[in-house]
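Worksheet: the structure to be examined is printed underneath.
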Amino acid sequence: MPMLLTREEVMSLLDMATCIDVVEKAFAELADGTAVLPLRIAIRPPDGLALYMPAYLEGLGALACKVVTVYKKNPARFGLPTTIGKVLLQNPETGEVTCIMDGGYLTAVRTGAASGVATRHLARKQEGQVAGVFGAGVQARMQLWAMAEARRLSSAIVYDVSGEAADAFIAEMSPKLDLEIRKAASPDEVLEADIVCTATSSPTPVFDGSRLRPGTHINGIGSHTPDARELDTEAAKRSRLVGDSREACLGEAGDIIIPIEEGAFGESHLYAELGEIITGRKPGRTGEEEITLFKSNGLAIQDAAAAKVVYDKALEAGVGTEVTL
Ligand SMILES: NC(=O)c1ccc[n+]([C@@H]2O[C@H](COP(=O)([O-])OP(=O)(O)OC[C@H]3O[C@@H](n4cnc5c(N)ncnc54)[C@H](O)[C@@H]3O)[C@@H](O)[C@H]2O)c1
60 MPMLLTREEV MSLLDMATCI DVVEKAFAEL ADGTAVLPLR IAIRPPDGLA
110 LYMPAYLEGL GALACKVVTV YKKNPARFGL PTTIGKVLLQ NPETGEVTCI
160 MDGGYLTAVR TGAASGVATR HLARKQEGQV AGVFGAGVQA RMQLWAMAEA
210 RRLSSAIVYD VSGEAADAFI AEMSPKLDLE IRKAASPDEV LEADIVCTAT
260 SSPTPVFDGS RLRPGTHING IGSHTPDARE LDTEAAKRSR LVGDSREACL
310 GEAGDIIIPI EEGAFGESHL YAELGEIITG RKPGRTGEEE ITLFKSNGLA
360 IQDAAAAKVV YDKALEAGVG TEVTL
């Protein structure tokens, strides 16, 4: 009988440290060739984007499909989140559906986790680094949590075009992470940070890439269409550029596609996929002064890995509702 897991149940079962570990394994499987990751199917109703994202991970025994929507006007118009999703998990041996779970929180945690893995492998290693976050929404919260898992942080800075959103972010995340977080008055202030994350709904660059300090690591997770970007040409050009998937970066990410179209660099500037760094096929950061950039588009392997670990934990804890469909 399939199990149903609500958002609250998923929240009680999924923690960032566990998610970073399984998402790291998923990226390694992608590099090792034991993952099946078909291109996601996109449908564009008038006000949004609906994505159908299947994946199989042989090593983790995870077979799943997520249905996720991104409706940017949702918060203002309906009081609903921008991103809404559900995940269907199957038994890879029988094909049986074992679980249907809410995917909103899971999406945010697995997106944070990918940045956590990238930060683990690409950011400078020293303790006491400062994290900088652009955007103070749902994803930004998980990005900061992941950065705090990957590196011991001394403090954080957040910038959002909505000052109220930044205040709410600080009120929630500072006690949760036991971390001093200050509100930046301008985008430039965030660039004082060592590890920077862009997690906004902006379709245009959120900071001036020429002002990035040497040694910075950036996780760019927001824009995911060819004509939108959070990072300008200079930021992408100055960075050692690592993507979640070459195909997704060159097919979907305006952060990379637009500079290529402008002639700022060629496709070979996309140095590696994250899995190639994790598995040691390519070296990561090569010096303390290098700027590294991880571009995340969001892959179904992240959802499959996170959903499998949630389901396993639910069975162990006796959480969830079994239903006959
Ligand atoms: N890479 C992935 O795997 C992945 C997964 C899920 C969502 N996303 C993307 O992440 C982004 C954020 O999603 P969310 O659910 O957190 O949205 P959200 O609406 O909860 O938050 C977005 C925040 O960005 C702020 N913002 C907009 N323009 C800005 C700017 N120029 N500078 C600073 N802040 C700005 C908004 O005021 C808002 O507070 C979206 O673009 C979404 O599509 C990516």
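For the sequence shown, our numbering begins at 60 and goes up steadily by one. Positions of the beta carbon are idealized from the N, C-alpha and C atoms, including for glycine. These figures come from a predicted structure and were not determined experimentally.
Next item on the list: Count the other C-beta atoms from every protein chain shown that fall within 10 angstroms of the C-beta of Ile102, then say buried if there are 16 or more, exposed otherwise.
Entry: exposed
Margin query: According to DSSP, Asn356 sits in a beta bridge with which residue or residues?
Written below: Answer is none; Asn356 lacks a bridge partner.
Check: What residue from Thr351, Leu63, Leu358, Gly377 has the CA that sits closest to Glu311's CA?
Finding: Leu358
Next item on the list: Measure the C-alpha to C-alpha separation of Met232 and Pro134 and round it to an integer number of angstroms.
Entry: 20 Å
Note to self: I'd like to check one pair, Ala190 with Ile254: are the Cβ atoms closer than 7 Å?
What the structure shows: yes
Notebook entry, point to check: What did DSSP end up calling Pro151 once you bin it into helix, strand or coil?
Noted result: coil
Check: In its own chain, which residues sit with a C-beta less than 7 Å from the C-beta of Leu108, not counting the 5 before and 5 after it?
Finding: Ala101, Thr128, Val129
Checklist line | beta-carbon Val249 near ligand 1 non-hydrogen atom, thresh 6 Å | finding: no
Check: According to DSSP, is Leu119 helix, strand or coil?
Finding: coil
Notebook entry, point to check: Does the distance from the C-beta atom of Ala173 to that of Val82 stay below 7 Å?
Noted result: yes
Next item on the list: Indicate whether Lys367 and Ala199 have their beta-carbon atoms separated by less than 7 Å.
Entry: no
Note to self: DSSP three-state label for Pro285, please.
What the structure shows: coil
Notebook entry, point to check: Does the beta-carbon distance from Ala123 to Asp371 come in below 7 Å?
Noted result: no
Check: Among Pro105, Arg99, Val95, which one has its Cα closest to the Cα of Tyr115?
Finding: Val95
Checklist line | One or two residues paired with Gly144 in a DSSP bridge | finding: Val127
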